[in-house]
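Contents: one structure, followed by commentary.
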Amino acid sequence: SFILQTAEVQQIVESCNMEAQQNVSCADRTKHKDISLLLKEGKRLRLEDSVLYRVSKAPEKQAHQQLLLPQEFRGDVLRSLHDNSGHLGFDKTYGLIRERFYWPRMKEEVERYCKNCGRCIQRKTLPTRAAELKHLTSEGPMDLVCIDFLSLEPDSKNVCNVLVVTDHYTRYAQAFPTKDQKSSTVAKVLWEKFFIHYGLPRQVHSDQGRDFECHLIHDLLKMLGVKKSRTTPYHPQGDPQPERFNRTLLNMLGTLSTEDKAKWSQHISFLVHAYNCTVNHSTGYSPYFLMFGREARLPVDVCFGLGGGNSSPKSYLKYVSNMKKDLQAAYQLAESVAGKRNDANKQQYDQRVRYCPLAPGDRVLIRNSVAPSQVHCYYLYYFC
Numbered sequence: 001s002f003i004l005q006t007a008e009v010q011q012i013v014e015s016c017n018m019e020a021q022q023n024v025s026c027a028d029r030t031k032h033k034d035i036s037l038l039l040k041e042g043k044r045l046r047l048e049d050s051v052l053y054r055v056s057k058a059p060e061k062q063a064h065q066q067l068l069l070p071q072e073f074r075g076d077v078l079r080s081l082h083d084n085s086g087h088l089g090f091d092k093t094y095g096l097i098r099e100r101f102y103w104p105r106m107k108e109e110v111e112r113y114c115k116n117c118g119r120c121i122q123r124k125t126l127p128t129r130a131a132e133l134k135h136l137t138s139e140g141p142m143d144l145v146c147i148d149f150l151s152l153e154p155d156s157k158n159v160c161n162v163l164v165v166t167d168h169y170t171r172y173a174q175a176f177p178t179k180d181q182k183s184s185t186v187a188k189v190l191w192e193k194f195f196i197h198y199g200l201p202r203q204v205h206s207d208q209g210r211d212f213e214c215h216l217i218h219d220l221l222k223m224l225g226v227k228k229s230r231t232t233p234y235h236p237q238g239d240p241q242p243e244r245f246n247r248t249l250l251n252m253l254g255t256l257s258t259e260d261k262a263k264w265s266q267h268i269s270f271l272v273h274a275y276n277c278t279v280n281h282s283t284g285y286s287p288y289f290l291m292f293g294r295e296a297r298l299p300v301d302v303c304f305g306l307g308g309g310n311s312s313p314k315s316y317l318k319y320v321s322n323m324k325k326d327l328q329a330a331y332q333l334a335e336s337v338a339g340k341r342n343d344a345n346k347q348q349y350d351q352r353v354r355y356c357p358l359a360p361g362d363r364v365l366i367r368n369s370v371a372p373s374q375v376h377c378y379y380l381y382y383f384c
């Protein structure tokens, strides 16, 4: 039989026929590791019609025979049951092979083959966390302001965009409905609705949208002495606060009645104010308090006579002194709470990091970011 063409299998067959595994010398075992591994399976080997099989006893399944496959046929089997069978994953491919064949270290070889399959890498490889998590840092209110656009369905006034502005340190947010995302609109809204009311930040951070990266925005910020920074391409995680606030705002808008959803731009300021008055778990304080040094007085407080300020200071100097003390204590506690949460997030994130430093000449894949269909490959061919 052609199966017995391989010397290592022939030697095992002879050993089984003589029922004396000790006849295989130690030198042969050392030279051919597969022989040594097969000899350990001696009680499970069967010889039928000069062909060697291994009896497999899979859990919860009936015992079946696996053909002992020589080295020269393993590549053909892998190509047949993986490449020509829809490029199934390791578990399914290994299951197909295990039901039919056996060879020493088969599981490791199948896993390595599937892991290094070019077509599988192109299609199945999803974006992986390549480096450890690094957090944006700020040193106080209005030190770092993050901006982003949120697009929604047009309302009754044909408004379909929201310019989101968040203060990184306090988590204080503002959302301004706009009809477009033009750079002139961004500049006008920032100046007339944010900078005039809250002052100039030290730095403005955004993604690489052309409405944020145009000369108009850069010239405006440069004239005002504000530093401009941006995220890396295709990486919205570099501007996390607006992204997180956008999800919160969408959830709040989603709770409006059907009638109010048709005019969502008229309700957005009230929803944002409610968000700012709520304690943020990342700091332990409400964004409103960290920004203004006091809690906002809500309609319910007026209704029930709450927050009346019975301990009001007798002078402006005393008021300022008390506010400074309260804010300093609040900032220290907020930084501590935020630091602990960031450390916990980093520890959880870094558990899945697969850092792989690149060197000149390394082969890499090009991410296919503009593929048109649902069956496209996530990555293009190797490039070096």
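Mind the numbering: the sequence shown is residues 1 to 384 in full-length UniProt numbering, read in order.
Even for Gly, the Cβ is constructed at its ideal location relative to N, Cα and C.
- Query: Are at least three pairs of beta-carbons, each pair with one atom in the stretch 337 to 348 and one in the stretch 279 to 296, less than 8 Å apart?
  - Reply: yes
- Rounded separation between residue 248 and residue 202 - CA only: 26 Å
- Do you know how far the Cα of residue 369 is from the Cα of residue 122? 12 Å
- Query: At what residue ranges does the UniProt domain "Integrase catalytic" (137 to 295) contain a whole run of the alpha helix (DSSP H), taking only runs of 4 or more?
  - Reply: 183 to 189, 210 to 213, 215 to 224, 240 to 254, 258 to 261, 268 to 276 and 287 to 292
- With residue 99 as the anchor, note down where its alpha helix (DSSP H) starts and where it stops. First-last for residue 99: undefined, no H or E at that position.
- Hey, could you find the ends of the alpha helix (DSSP H) residue 353 is sitting in? It is not in any alpha helix (DSSP H) - residue 353 carries neither H nor E in the DSSP assignment.
- Opposite residue 65 in the DSSP bridges: which residues? 55
- Task: List the endpoints of the continuous beta strand (DSSP E) containing residue 47.
- Result: 45 to 48
- Query: In the DSSP assignment, what are the bridge partners of residue 302?
  - Reply: In DSSP, residue 302 forms no bridge with anything.
- What is the DSSP secondary structure of residue 358, counted as helix, strand or coil? coil
- Query: Is there contact here, the stretch 268 to 279 with the stretch 182 to 200, by at least three beta-carbon pairs under 8 Å?
  - Reply: no
- Message: Just to confirm my understanding: we take residue 211, look at its own chain, exclude 5 residues before and 5 after, and list those with CB closer than 6 Å. What are they?
- Response: 181, 183 and 186
- Message: Give me the DSSP bridge partner(s) of residue 77.
- Response: Residue 77 is not bridged to any residue.
- Task: Assuming residue 66 contacts residue 146 (C-beta within less than 8 Å), just tell me the rounded distance between them.
- Result: Actually they are not in contact, since the Cβ atoms of residue 66 and residue 146 sit about 59 Å apart, beyond 8 Å.
- residue 367 bridges to which residues according to DSSP? 379
- Query: Hey, how far is the Cα of residue 37 from the Cα of residue 47?
  - Reply: 17 Å
- Would you check whether the ligand NAP has a heavy atom nearer than 7 Å to the C-beta of residue 49? The ligand content of the structure shown is nil, which means the ligand NAP is not present either.
- Message: Does residue 88 come out as helix, strand or coil in the three-state DSSP assignment?
- Response: coil
- Item | Buried or exposed by the 16-neighbour rule on C-beta atoms within 10 Å, applied to residue 216 | exposed
- Can you give me the Cβ contacts of residue 141 inside the same chain, cut-off strictly under 8 Å, excluding the 5 residues immediately before and after it? 167, 169, 170, 172, 290 and 291
- So what's residue 40 in DSSP terms, helix, strand or just coil? coil
- Item | Candidates 159, 304 and 233, of which the one nearest residue 262 by Cα | 159
- Message: Counting beta carbon pairs with one atom in the stretch 72 to 85 and one in the stretch 111 to 120, are three or more of them shorter than 8 Å?
- Response: yes
- Query: Taking C-beta to C-beta, are residue 44 and residue 51 nearer than 8 Å?
  - Reply: no
- If I'm right that residue 333 touches residue 246 with Cβ under 8 Å, what's the distance once you round it to whole angstroms? Actually they do not touch by this definition, with Cβ atoms about 27 Å apart.
- Using CA coordinates, which residue listed in 74, 270, 53 and 70 is at the minimum distance from residue 64? 53
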